[in-house]
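Enquirer: Please see the structure below; I have some questions.
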Amino acid sequence: MKSPHILLALLLGVVAAPVAGQSLFLDVNGDGRSDGSDVLNAGVTSVDVYLDTSHSMDGAPVPCAKSEHPDQPEQITINSYTFILSWEPVGTGSLTYGAWTDNMGFAIGVGGTQKGRDFWTGYAAPFYLAPGKHKLGTLGVTVTGTPVLQFLASTPIDNTAMTSFGSACLGSDYDNTMKLGSDFLDARGTSPSDDAPRTVWRAIQAISR
Amino acid sequence: MRERWRLVVALLVLLIIQGIAGPALAGVPDISRSYYVPQAGDPDPAGAPAGSFSIEAPMALTEGTAAIRLFRMCPNNDGGSSLPNNARIKVVVLDVNGNGVPNVAAGDVCILLNGGTAAQNFSGIGADSVIANSQFNPSPLCPDVRCIAADGPTNGGGVTFITFTGGTPGTPGIGTRNPLRKMGHYDTELPVYVVGFKLSGRLTTGSANGTYTLRIKNIDWTGGLGTTLNQGEAVTVTDFNGIANGIGINNAISYWKDFDTLSGVTATDLNIITSHLNHDCDSPNNP
Chain A
212 MKSPHILLAL
222 LLGVVAAPVA
232 GQSLFLDVNG
242 DGRSDGSDVL
252 NAGVTSVDVY
262 LDTSHSMDGA
272 PVPCAKSEHP
282 DQPEQITINS
292 YTFILSWEPV
302 GTGSLTYGAW
312 TDNMGFAIGV
322 GGTQKGRDFW
332 TGYAAPFYLA
342 PGKHKLGTLG
352 VTVTGTPVLQ
362 FLASTPIDNT
372 AMTSFGSACL
382 GSDYDNTMKL
392 GSDFLDARGT
402 SPSDDAPRTV
412 WRAIQAISR
Chain B
43 MRERWRLVVA
53 LLVLLIIQGI
63 AGPALAGVPD
73 ISRSYYVPQA
83 GDPDPAGAPA
93 GSFSIEAPMA
103 LTEGTAAIRL
113 FRMCPNNDGG
123 SSLPNNARIK
133 VVVLDVNGNG
143 VPNVAAGDVC
153 ILLNGGTAAQ
163 NFSGIGADSV
173 IANSQFNPSP
183 LCPDVRCIAA
193 DGPTNGGGVT
203 FITFTGGTPG
213 TPGIGTRNPL
223 RKMGHYDTEL
233 PVYVVGFKLS
243 GRLTTGSANG
253 TYTLRIKNID
263 WTGGLGTTLN
273 QGEAVTVTDF
283 NGIANGIGIN
293 NAISYWKDFD
303 TLSGVTATDL
313 NIITSHLNHD
323 CDSPNNP
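Those protein sequence lines, which keep their order, are chains A and B. Using our numbering, the first residue of the first sequence is number 212, and each one after it goes up by one. Using our numbering, the first residue of the second sequence is number 43, and each one after it goes up by one.
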């Protein structure tokens, strides 16, 4: 059942990583960046979620790709977000999801559920925030061992769930929604522990960084 | 002898009737053969690149369900996620012999609107719950729309398009914003008439007549059907709240709140309405 998730995570993390687009990432150690030190372990109680609407992971600026006014494209603002997370044990380990705390001032819940290893949430507002790097919020977690947490573009636990953000930028489906998997591909989860077993998963993670 | 004459006269009359009626009927739309089809994208993907809507990749011709997903509009008709990607219907006018009826004037191919509701004293054979009148929407002033006309006359095959946002002269099927084409609310059927004949819809060109009924969802989905002034063509906080509170809910009105006609009312629909919040007949574009 989980194999499609793993495959999708691998595709997003490895194959798609070089493609320019907005950057979505998890930050475990509180430094506001995504790197090899963002490792889950038993001491971790929360994970921050960041989205840069206008830069790729390497810092390159990202324009609004589909605009009705190519000469003066809309800014990649943000008025909502939804994301799906899924964890993998990577050897031994487990993760229990806690509460999500929004950091954007978005008060309208636009979905959310969790089942098995998958977690989905989303919030929105009737206004736009400026383009740039935003800390979307913080997710409480209870961890054993050294699992890995990754973003998914979709999940079988809810067929309306997706990883996305709302924007004045039109988006590939003409719906003001920038979607992971079509409008952007740069989504990075946590890193495996150096102590984790030498699995294929870990090797691919290392390559992707 | 008399019987033989009667037979000859009857044959002559029959020949005369056929001689007159045949050509006449050949130029008349046959509603059992004529139809309209939902489309989007480039009407002629093999031809020259499409006009004003520049995107990074060539637009494909889309027909049927994928096109219907784009049939949603803001009362300001301001583009963006409102009637994107040349959302339109293709209208095919055929005669009794299945031949195209050419040169039907653009103004004779119409999506008909009454202009308002019965409560507002509007009547007719057009859509009766689409609001498109200045009488009850004087400030900001909204245009009176009764006929959403074709982009141009039918061609030699009897084909024309009604591109909802407005036609582009010389390139039928490509949209250019028409500032006099503004409306609020929705109706369960937007009837399509050609020189007085009501056409049937097809989901795709290959489908049967009657498999599709034209609808255009409106981001201004609630309010404005009564006699209170200036309520009929504006995206207000009431519209927004109805979407925000309708996410994940499936009831009789959910269909009209599901602007992208996909997976019910979701965050995507909220993103669409956010991009058109507080739009009306003079905002963001005036006219």
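Note that CB positions come from ideal geometry on N, CA and C, so glycine has one too. What you are looking at is a predicted structure, and each value in this text was computed from that prediction instead of being measured.
Which residue marks the beginning of the beta strand (DSSP E) containing B/Ala82, and which one marks its end?
Expert: First-last of the beta strand (DSSP E) with B/Ala82: Tyr77 to Ala82.
Enquirer: Is the CB-CB distance between A/Val260 and A/Gly232 below 8 Å?
Expert: No.
Enquirer: Taking only the alpha-carbon atoms, compute the straight-line gap between B/Gly142 and B/Arg75 and give it to the nearest angstrom.
Expert: Roughly 10 Å between the two C-alpha positions.
Enquirer: Quick one: is B/Asn313 buried, meaning 16 or more other Cβ sit within 10 Å of its Cβ, or exposed?
Expert: So B/Asn313 counts as buried.
Enquirer: Are any of the Cβ atoms in chain A nearer than 8 Å to that of B/Ile289?
Expert: So yes, B/Ile289 belongs to the interface.
Enquirer: Residues of chain A with CB closer than 7 Å to the CB of B/Thr310, please, in chain order.
Expert: Asp386 and Thr388, listed in chain order.
Enquirer: Take B/Ser242 and list the residues in its own chain whose beta-carbon comes closer than 6 Å to its own, dropping the five residues that flank it on each side.
Expert: Once the five neighbours on either side are set aside, the close Cβ partners of B/Ser242 are Tyr77, Asn251 and Gly252.
Enquirer: Can you look up B/Ile131 in the DSSP assignment and give me helix, strand or coil?
Expert: Three-state DSSP puts B/Ile131 in a strand.
Enquirer: Pick helix, strand or coil for A/Tyr385, following the three-state DSSP scheme.
Expert: Three-state DSSP puts A/Tyr385 in coil, outside helix and strand.
Enquirer: Using the beta-carbon of each residue, which ones in chain B are nearer than 8 Å to A/Thr332?
Expert: Within 8 Å Cβ-Cβ: nothing; A/Thr332 doesn't reach chain B, min ~11 Å.
Enquirer: Using only alpha-carbon positions, find the residue among A/Gln286, A/Asp397 and A/Val239 that is nearest to B/Ser317.
Expert: The shortest Cα separation from B/Ser317 among A/Gln286, A/Asp397 and A/Val239 belongs to A/Gln286.
Enquirer: In the stretch 296–308 of chain B, which residues sit with their C-beta less than 7 Å from some C-beta in chain A, listed in chain order?
Expert: Of all residues in the stretch 296–308 of chain B, Asp302, Ser305, Gly306 and Thr308 have a Cβ within less than 7 Å of some Cβ in chain A.
Enquirer: Can you give me, in chain order, the residues of the stretch 257–273 of chain A that have a beta carbon less than 7 Å from any beta carbon in chain B?
Expert: Here the close residues number zero.
Enquirer: Would you verify that the beta carbon of B/Pro71 is, or is not, closer than 8 Å to some beta carbon of chain A?
Expert: No, its Cβ sits nowhere closer than 8 Å to a Cβ of chain A.
Enquirer: Nearest chain B C-beta to A/Ile319 closer than 8 Å, yes or no?
Expert: Yes - at least one Cβ of chain B is within 8 Å of the one on A/Ile319.
Enquirer: Comparing alpha-carbon positions, which option in A/Gly316, A/Glu299 and A/Gly241 lies nearest A/Val359?
Expert: The shortest Cα separation from A/Val359 among A/Gly316, A/Glu299 and A/Gly241 belongs to A/Glu299.
Enquirer: In the DSSP assignment, find the beta strand (DSSP E) that holds B/Ser296 and state where it starts and stops.
Expert: Where B/Ser296 is concerned, there is no enclosing beta strand (DSSP E), although the alpha helix (DSSP H) it sits in stretches over Ser296 to Lys299.
Enquirer: So is B/Asn293 buried or exposed if we call it buried at 16+ other beta carbons inside 10 Å?
Expert: B/Asn293 is exposed by the Cβ-count criterion.
Enquirer: To which residues does DSSP link A/Lys390 through a beta bridge?
Expert: Answer by DSSP bridge pairing, in chain order: A/Ser375.
Enquirer: Considering just the uninterrupted stretch of the beta strand (DSSP E) at A/Ala310, what are its terminal residues?
Expert: Its beta strand (DSSP E) spans residues Gly304 to Asp313.
Enquirer: Taking C-alpha atoms, which residue in A/Glu279, A/Asp386 and A/Asp405 lies nearest to B/Arg111?
Expert: The residue with the shortest Cα to Cα distance from B/Arg111 is A/Asp386.
Enquirer: Just the chain A side, please: which residues come within less than 9 Å of B/Ala160 by C-beta, in chain order?
Expert: Simply none; closest approach about 33 Å.
Enquirer: Between the beta-carbon of B/Phe301 and the beta-carbon of B/Lys259, is there less than 8 Å?
Expert: For B/Phe301 and B/Lys259, yes; Cβs fall inside 8 Å.
Enquirer: Taking A/Asn290 as the query, report the chain B residues whose CB atoms sit under 7 Å from its CB, ordered along the chain.
Expert: Those within 7 Å of A/Asn290 in chain B are Asn313 and Thr316.
Enquirer: Run down chain A in chain order and give the residues with a C-beta less than 8 Å from the C-beta of B/Leu112.
Expert: Correct list: Tyr385.
Enquirer: A/Asp329 by DSSP, collapsed to three states: which one?
Expert: Strand, per DSSP.
Enquirer: Helix, strand or coil for B/Ala279 per DSSP?
Expert: Looking at the sequence itself, residue 279 of chain B is Val, so the reference to Ala does not match. Three-state result, B/Val279: helix.
Enquirer: When we look at the beta-carbon of B/Pro214 and count the other beta-carbons within 10 Å, is it buried (16 or more) or exposed?
Expert: Flag for B/Pro214 reads buried.
Enquirer: Can you list, in chain order, the residues of its chain whose CB lies under 6 Å from that of B/Leu222, leaving out five sequence neighbours each side?
Expert: Same-chain partners within the cutoff: Pro185.
Enquirer: In whole angstroms, what separates the C-alpha of B/Gly10 from that of A/Val321?
Expert: The shown model of chain B, from 43 to 329, leaves out residue 10 of chain B, and the question about it has no answer.
Enquirer: Let me check one thing: in DSSP terms, what residues is B/Asp322 bridge-paired to?
Expert: According to DSSP, which records beta bridges pairwise, B/Asp322 is partnered with B/Ala276 and B/Ser325.
Enquirer: Report the rounded CA-to-CA distance for A/Ser257 versus B/Val277, giving the unit in angstroms.
Expert: If you take the alpha carbons of A/Ser257 and B/Val277, they lie about 39 Å apart.
Enquirer: Alpha carbon to alpha carbon, how far is A/Gly356 from A/Thr312?
Expert: Roughly 24 Å separates the two Cα atoms.
Enquirer: Quick check on A/Ser402 - is its C-beta less than 8 Å from some C-beta in chain B?
Expert: It does not: the Cβ of A/Ser402 has no partner Cβ on chain B nearer than 8 Å.
Enquirer: Does the beta-carbon of A/Glu204 have 16 or more other beta-carbons within 10 angstroms, so that it is buried, or is it exposed?
Expert: In the structure displayed, chain A extends from 212 to 420; residue 204 of chain A sits before or after that span and is not available.
Enquirer: In chain order, what residues of the same chain lie with their CB nearer than 6 Å to the CB of A/Lys344, ignoring the 5 residues before and after it?
Expert: For A/Lys344, where only same-chain residues beyond five positions count, the Cβ hits under 6 Å are Asp263.
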